[in-house]
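One structure is given below, encoded as structure tokens.
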């Protein structure tokens with residue numbers, strides 16, 4: 010006969026995370042901000058390097074310069 014496992018026993022066996030519990034609001038805010046800053050660190054270099062290529066008038070107006078290194082860096086980031 011199979012042993013009946015109760016909900017309390019399962020919660021002890023499985024890994025739990027305080028982020029998904031009902032309280033711990035400061036933890037949720039802090040981890041969400043860290044995740045957003047981390048994703049900005051991934052996305053912003055692409056945006057920064059693509060501005061002169063996608064919006065040349067905007068780049069010229071605000072003095073974004075296009076150099077050969079910018080092309081090389083953009084290609085590296087696309088490969089990466």
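Numbering (my numbering), first residue to last: 10 to 89. Even glycine gets a Cβ: it sits at the ideal position worked out from N, Cα and C. Owing to the predicted nature of the structure, the values given are computational and were not obtained by experimental measurement.
Quiz item: CA-CA distance, residue 85 and residue 36?
Solution: Looking at the two C-alpha atoms, the distance is approximately 35 Å.
Practice problem: Compute the distance between the beta-carbons of residue 82 and residue 53, then report whether it is under 7 Å. | Solution: Contact flag unset, no.
Quiz item: Sorted by chain position, which residues of the same chain lie with C-beta nearer than 6 Å to residue 68's C-beta, five sequence neighbours on each side aside?
Solution: 60, 61.
Self-check item: Coarse secondary structure for residue 24, derived from DSSP in three states
Solution: In the displayed model, residue 24 falls within coil according to three-state DSSP, outside both helix and strand.
Self-check item: Beta-carbon proximity list for residue 74, same chain, < 7 Å, skipping 5 on both sides
Solution: So the list is empty, once near-sequence residues are dropped.
Quiz item: Taking the continuous alpha helix (DSSP H) assigned at residue 49, which residues delimit it?
Solution: Segment 34–63, the alpha helix (DSSP H) holding residue 49.
Practice problem: Hey, could you find the ends of the alpha helix (DSSP H) residue 84 is sitting in? | Solution: If you look at residue 84, you'll find it in the alpha helix (DSSP H) that goes 77–88.
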